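Q: So the number in the working numbering is just where the residue sits in the sequence shown, counting from 1, plus 3.
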Amino acid sequence: MARALGDGFRVIEEGLSARTTSIADPNDPRLDGSAYLPAALASHMPLDLVIIMLGTNDTKAVYRRTPHEIARGMAALAMQVARSAGGVGTAYPAPALLIVAPPALKPIPGAWLAAEFAGAQPKSEALAAS
């Protein structure tokens, strides 16, 4: 993305495999996106645009989340971005926000991952409409 935008733009990538929108993973609480986002925003201010693409991991069977609940998790992140105006001791405005629905899952190979994402494919297909 940085190469495509060219000079004058700085892209900060904050991706983490297995991150969720707003739910703690029972094995790794660091994966809760809503717990991490406020500090990430504050540490990089000022920002012009925040792009968030989360939701795939929320479809895991262990969370038992519906597409609507996953969308509500994304809405919580959107509110955190909107409330980030001011930064920490600054007068920076809140950045613009682009929410990207993750692509629908395809059949998942391997027994372990298939079990982790049991029932996830139809949920992932419904995320863009949620």
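In this text, a Cβ means the ideal position worked out from N, Cα and C, and glycines have one as well. Everything numeric in this text was worked out from a predicted model, so none of it was measured.
Could you tell me the alpha carbon to alpha carbon distance between Tyr95 and Ala42, rounded to whole angstroms?
A: As a position in the sequence shown, residue 95 is number 92, starting the count at 1. As a position in the sequence shown, residue 42 is number 39, starting the count at 1. Those two C-alpha atoms are separated by around 15 Å.
Q: For Thr62, name the three-state secondary structure that DSSP assigns.
A: Position 59 of the sequence shown, counting from 1, holds the residue named residue 62. In the structure shown, Thr62 sits in a helix (DSSP, three-state: H, G or I).
Q: Based on the DSSP output, what are the partners of Val103 in its beta bridges?
A: By one-based count along the sequence shown, residue 103 stands at place 100. In DSSP, Val103 forms no bridge with anything.
Q: What's the gap between the Cα of Pro49 and the Cα of Ala107?
A: Walking along the sequence shown from the start, residue 49 turns up at place 46. Walking along the sequence shown from the start, residue 107 turns up at place 104. Those two C-alpha atoms are separated by around 33 Å.
Q: Return the first residue and the last residue of the alpha helix (DSSP H) that Val84 is part of.
A: As a working note, residue 84 is residue 81 in the sequence shown. Where Val84 is concerned, the enclosing alpha helix (DSSP H) stretches over 70-85.
Q: Let me check understanding here. Comparing Cα to Cα, which of Met4, Leu8, Gly89, Gly18 lies closest to Asn60?
A: The sequence position of residue 60 within the sequence shown is 57, counting from 1. When only C-alpha atoms are compared, the closest one is Gly18.
Q: When the distance is taken between beta carbons, is Asp10 closer than 8 Å to Ser25?
A: What you label residue 25 is simply residue 22 of the sequence shown in a count that begins at 1. What you label residue 10 is simply residue 7 of the sequence shown in a count that begins at 1. No, the pair does not count as a contact, with Cβ atoms beyond the cut-off.
Q: Quick one: give me the first and last residue of the beta strand (DSSP E) that Leu116 is part of.
A: To locate residue 116, count along the sequence shown from 1; it is residue 113. Element bounds for Leu116: not the beta strand (DSSP E) but the alpha helix (DSSP H), 114-119.
Q: Roughly how many angstroms separate the alpha carbons of Glu16 and Gly76, rounded to a whole number?
A: Walking along the sequence shown from the start, residue 16 turns up at place 13. Walking along the sequence shown from the start, residue 76 turns up at place 73. About 20 Å.
Q: Rounded to whole angstroms, what is the Cα-Cα separation between His47 and Ser87?
A: By 1-based counting over the sequence shown, the position of residue 47 is 44. By 1-based counting over the sequence shown, the position of residue 87 is 84. If I take the Cα positions, the gap works out to 11 Å.
Q: Is Lys63 closer than 8 Å to Ala104 when the C-beta atoms are compared?
A: Taking the sequence shown and counting its residues from 1, one reaches residue 104 at position 101. Taking the sequence shown and counting its residues from 1, one reaches residue 63 at position 60. Going by C-beta atoms, Ala104 is not nearer than 8 Å to Lys63.
Q: In angstroms, rounded to a whole number, what distance separates the CA positions of Thr69 and Ala38?
A: Stepping through the sequence shown from its first residue, residue 69 is reached at position 66. Stepping through the sequence shown from its first residue, residue 38 is reached at position 35. So the two alpha carbons sit approximately 21 Å from each other.
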